[in-house]
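What follows is a set of notes on a single structure, which appears directly below.
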Amino acid sequence: MLVLAMIFGVIAVLFHVMAFVLESLFWTRPVVFARFGVASRSDADITRPMAYNQGFYNLGLAIGVAVGLVLLPQVDTAGVVGRTLVVFGTACMALAGAVLVGTGRKYRRAGSIQFGISALALAFTLLA
């Protein structure tokens with residue numbers, strides 16, 4: 137179970153790093169803001185501060201889970217800290233994905249991916 141927890145944990149980390157890049161670094165590119173359902177460059181400029189903030193939220197979760205994954209295989213206190221970081225981080229990721237699914241039809245796919253990956257990482261970590 138530990139290997140599966142780590143595999144899905146890494147996927148969840150990569151998903152959230154990608155979200156950071158899109159939201160905080162490339163938000164005003166038409167291909168990016170259109171992917172998030174933003175209709176125009178003007179709307180993207182207005183929502184840029186929110187997207188920037190959201191991107192860093194995603195990066196923070198990714199860093200926490202990544203550190204947890206490094207510590208997780210340890211059998212001492214570091215392993216407990218790693219497990220705690222992975223459980224907390226993936227639970228937050230899964231909850232955010234569930235909320236996104238419920239936000240509207242156009243967000244169901246992205247929310248389902250975010251929820252599914254994170255929930256699997258969480259479940260396998262708890263079972264490990």
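Residue numbers (the working numbering): 137 to 264. All C-beta atoms, glycine included, are put in the ideal place defined by N, C-alpha and C. Since the model is a prediction, treat every value here as computed from it, not as a measurement.
Local conformation of residue i per DSSP, three classes
{"i": "P209", "result": "coil"}
{"i": "D169", "result": "Per the sequence shown, the amino acid found at residue 169 is Phe instead of Asp. DSSP places F169 in helix when its eight states are reduced to three."}
{"i": "F192", "result": "helix"}
{"i": "M137", "result": "coil"}
{"i": "A246", "result": "helix"}
{"i": "A234", "result": "helix"}
{"i": "F224", "result": "helix"}
{"i": "V217", "result": "helix"}
Burial state of residue i, where buried means 16 or more other Cβ atoms lie within 10 Å
{"i": "N194", "result": "buried"}
{"i": "R165", "result": "exposed"}
{"i": "Q210", "result": "exposed"}
{"i": "I253", "result": "buried"}
{"i": "V222", "result": "buried"}
{"i": "M229", "result": "buried"}
{"i": "R216", "result": "According to the sequence shown, residue 216 is Val rather than Arg. Classification of V216: exposed, given that the 10 Å Cβ count is below 16."}
The region 195-206 in contact with the region 141-157 per 3-pair CB rule at 8 Å: yes
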